[in-house]
Amino acid sequence: MGNCGRDPEVRYLPSGQAVANVSIATSTRRKNRETGDMVEDTQWHRITFYDRLAEIAGEYVKKGRPIYVEGRLKYGKYTDQSGVEKNTVDIIATELQLLGGRESSGSSEDQGSGYASAPTPRPTPRAPAQNSSPAVKTNFDDMDDDIPF
560 MGNCGRDPEV RYLPSGQAVA NVSIATSTRR KNRETGDMVE DTQWHRITFY DRLAEIAGEY
620 VKKGRPIYVE GRLKYGKYTD QSGVEKNTVD IIATELQLLG GRESSGSSED QGSGYASAPT
680 PRPTPRAPAQ NSSPAVKTNF DDMDDDIPF
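In short: position in the sequence shown from 1, add 559, done, that's the working numbering.
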């Protein structure tokens with residue numbers, strides 16, 4: 560989960576597959592033990608979206624907007640201009656959730672829930688079936704205190 564550092568760059572491969580790249584910043588805050596001051600540490604992550612998820616990211620993700628991304632890590636290497644070999648880590652996104660409020664686009668069109676995902680081979684969790692019986696009141700005071708955790 561982080562804030563977009565730039566608008567997505569969407570391009571299409573010769574096969575017609577959409578690819579979008581974006582960078583997001585994640586920040587953590589901690590207290591410096593020596594000075595007692597709050598220190599903020601910001602890390603930048605490169606995210607790659609494919610197919611329909613890339614098209615969605617290109618349309619709705621904007622610089623500065625908070626997003627939540629799930630995916631897998633892809634490690635790589637390249638040689639910079641001075642001949643030094645560098646390591647890279649990219650996140651290949653499988654899930655995308657737009658966070659924060661809707662941007663004022665001047666349109667009353669519903670943008671949906673703000674959640675998108677790439678097709679995955681795993682089964683989709685389903686909500687439990689609605690039961691027509693009356694709700695059962697749970698009284699936690701009646702529970703035993705010998706729970707092992």
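Where is the CB? At the ideal position from N, CA and C, for every residue including glycine.
Exercise for the section: Leaving out five residues on either side along the sequence, give the residues of the same chain with a beta carbon under 8 Å from the beta carbon of I583. Expected result: G561, N562, C563, G564, W603, H604, I606, I626 and V628
Practice task
Helix, strand or coil for D566, going by three-state DSSP, please let me know.
Solution key: coil
Exercise for the section: Taking 8 Å as the cut-off, decide whether the C-beta atoms of L657 and Y619 are in contact. Expected result: yes
Practice task
Count the other C-beta atoms from every protein chain shown that fall within 10 angstroms of the C-beta of L572, then say buried if there are 16 or more, exposed otherwise.
Solution key: exposed
Practice task
Using DSSP bridges, identify the partner residues of V628.
Solution key: L655
Exercise for the section: With R588 as the anchor, note down where its beta strand (DSSP E) starts and where it stops. Expected result: A577 to K590
Practice task
State the Cα-Cα distance for the pair T587 and A577, rounded to the nearest angstrom.
Solution key: 32 Å
Practice task
May I ask you to report which of helix, strand or coil DSSP gives E593?
Solution key: coil
Handout entry: Through-space distance from I650 to N591, alpha-carbon basis
Key = 30 Å
Practice task
Check whether the Cβ atoms of T653 and R631 lie closer than 8 Å to each other.
Solution key: yes
Handout entry: Range of the contiguous alpha helix (DSSP H) that encloses G617
Key = D610 to Y619
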